[in-house]
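Here the structure comes first, spelled out in structure tokens, and everything after it is commentary.
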Amino acid sequence: MTDLICYLVRFLLGDHVPEEVAAQVGYTSDAALFPQYRVVMIPSGFFEDATFGRADSAPALPLRLVEDVPLLFGQPSVSRAGETLLVRADLLAGAFFLLSRYEETVRRGVRDVHGRFPGRESLPFRAGFIHRPLVDEYGRLLRRWLRQAGVPVQEPPQRIRRLCLTHDVDAPFACRTWRNVAWGMAGGENLRKLLRLKFGALEDDPYYTFPRLLREDGQVRTAFGEEHCDIYLFFKAGGGGEKADRPHYNLRGKDIRRLYSLLRDSRAKVGLHASYRAGKNPALVAAEKERLQRAFSQEICANRHHFLASREPEDMAALEQAGITDDFTMGYADVAGFRLGTSRPVRRMDAVNRRLSALTLHPLTVMDATLSNPGYMGLNLEEALDCAIRLTEQVRQFNGELTLLWHNSSTVEGKGYHTALYGSLLEKIIDIHA
């Protein structure tokens, strides 16, 4: 627990804060230790064995506020004991609750048809702060209290520290195989048109929007600087037997090789798109990673689960065991916002054993389908752009990492608003960055 508490304090304060400042924060109810610190948080009892892990250990609604910030645990009370500021608002318990996805562990019976914990069932959504990175706000509170206690501590710069432009390669092509032709005919498509797509130029395939996407991404990366912007394509490498994993594509086929060549020229990175089937059986992740590595002759360290279907918090352990160092799954499919309560990458926390993992989780800020899908948020173009910009502003305010997920198949010409939305959003992001 000591390592976990130290990490939580350091995470709240931010990596720009020196270690000697972090050492001025205590987490204890022992009055004899108060003089050793300038700010002491009094534990609420959340981490005690008699409480931890019980279904009734989650915060009750409505939440109280501490300096206009929703408080999950403890009391909204700040007082002094000599030179020490005593805080009964247990920010560390609240941060752990959000960062570890604790409620997904204690509410295992709450899942959607894909086995995912729904965003609308989450405490951040029900309490009305899903659009706020509450853990980052806790960090701002803690820095403010340190200054009140006479410890000089700076706020981080208000800018987007890193931008991750990501694309899941679910269906890279509309009609490049005989199976595509058969499905098209079954759906009433004209055979001549289907054959023209199958045997025509790859660039004429309506789903092959990667050249435009990567060109737009490259323009944003130029504005941000190479060191502050990453472009990822996540490829499937498994999922046999699951309808949700269709269409399957040949990683060694000539069309995929063309796409791989394009992303290399664009200096984009490759990640694993762990299959829907692997979401149900995490032991399959290692074989899928190995298959992708062999196909592209490179080490794969990043992952995002198909359908965002990382079902149980501890399933992330399979990624670490497979050699994945960075996961980009952590967003809710049905509502955009801050699933982990933060806009910053964070080490995975084991909500069962209360310990840290080496796996880094990158919060997913906005996914295209979340905004438009009638079963999710069902927003129109103007509403979707406004939502995405407001979340982007939150990331900027807290020096966070902005991660976008846009599918190539959602930016097909004449299909919905996502081509226009993505272009407009990227323009706004450049303006915000400038």
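Be aware that the sequence shown starts at 86, since it is given in the numbering used here, and climbs by one per residue.
Heads up, the beta-carbon is just placed ideally off N, CA and C, and yes, glycines get one too.
- In this structure the stretch 136 to 156 touches the stretch 182 to 201; the number of beta carbon pairs closer than 8 Å is three or more.
- Using a Cβ-Cβ distance cut-off of 8 Å, the stretch 241 to 253 and the stretch 116 to 126 are not in contact, since fewer than three pairs of beta carbons, one from each stretch, lie closer than that value.
- Taking a C-beta distance under 8 Å as the contact criterion, Thr450 and Leu184 do not qualify as a contact pair.
- In the structure shown, Ala505 falls within a helical segment according to DSSP collapsed to helix, strand and coil.
- With 16 or more other Cβ atoms inside 10 Å of its own Cβ, Thr477 counts as buried.
- Taking C-alpha positions only, Glu399 is separated from Ala286 by approximately 45 Å.
- Under the criterion of beta carbons closer than 8 Å, Phe295 and Leu377 do not qualify as touching, at roughly 17 Å.
- Cβ atoms of Ala387 and Tyr334 stay farther apart than 8 Å, at about 19 Å.
- Relative to Cys314, the option among Tyr187, Arg201, Thr488 whose CA is nearest is Thr488.
- A residue is called buried when at least 16 other Cβ atoms come within 10 angstroms of its Cβ; Leu446 meets this threshold and is buried.
- The beta carbons of Pro237 and Gly99 sit about 14 Å from each other, so the pair does not count as a contact at 8 Å.
- Residue state for Ser428 is assigned as coil, using DSSP reduced to three classes.
- Per DSSP, the beta-bridge partners of Leu150 are Pro155.
- Residue nearest to Arg475 within the set His101, Gly235, Arg343, Gly422 is Gly422 (criterion: CA-CA distance).
- Rounded to whole angstroms, Asp412 and Ala436 show a C-alpha spacing of 17 Å.
- Ala178 and Tyr187 have their C-alpha atoms roughly 10 Å apart.
- Beyond the five residues adjoining it in sequence on each side, Gly204 comes within less than 6 Å, by CB distance, of Phe210, Tyr417, Asp419, Val420 in the same chain, given in chain order.
- The C-alpha of Leu157 is placed about 23 Å away from the C-alpha of Gln233.
- In this chain, Gly463 is not harboured by any alpha helix (DSSP H), its DSSP state being neither H nor E.
- Assignment of beta-bridge partners to Ser382 by DSSP yields no partner.
- Secondary structure note for Arg95: its alpha helix (DSSP H) is the uninterrupted segment 87 to 98.
- Between Leu336 and the set Asp516, Leu466, Asp255, Gly508, the nearest pair of CA atoms involves Asp255.
- When Pro161, Arg165, Ala166 are compared, the shortest CA-CA separation from Asp175 is found for Pro161.
- Ser164 has Leu171 as its beta-bridge partners, per DSSP.
- Measuring C-alpha to C-alpha distances from Thr307 to each of Trp230, Glu206, Ser351 identifies Ser351 as the nearest.
- A Cβ-Cβ contact shorter than 8 Å links His492 with Asp253.
- At least 8 Å separates the beta-carbon of Leu171 from that of Val102.
- For the 8 Å CB-CB criterion, Glu486 and Leu444 do not form a contact.
- When DSSP states are grouped into helix, strand and coil, Gly324 belongs to the coil group.
- Rounded to whole angstroms, the Cβ separation of Leu89 and Arg389 is 26 Å, and the two are not in contact under 8 Å.
- DSSP places Thr190 in the uninterrupted alpha helix (DSSP H) bounded by 187 to 191.
- Around Ala519, the same chain offers Ala308 as residues with beta carbons nearer than 8 Å, after the five sequence neighbours per side are excluded.
- Comparing C-alpha distances from Gly325 to each of Tyr361, Val480, Thr504 shows the shortest one belongs to Tyr361.
- Nearest to Tyr112 by alpha-carbon distance, out of Val151, Leu146, Arg149, Thr169, is Thr169.
- Under the three-state reduction of DSSP, Met401 is assigned to helix.
- Secondary-structure assignment with DSSP links Ala387 through a beta bridge to Asp411.
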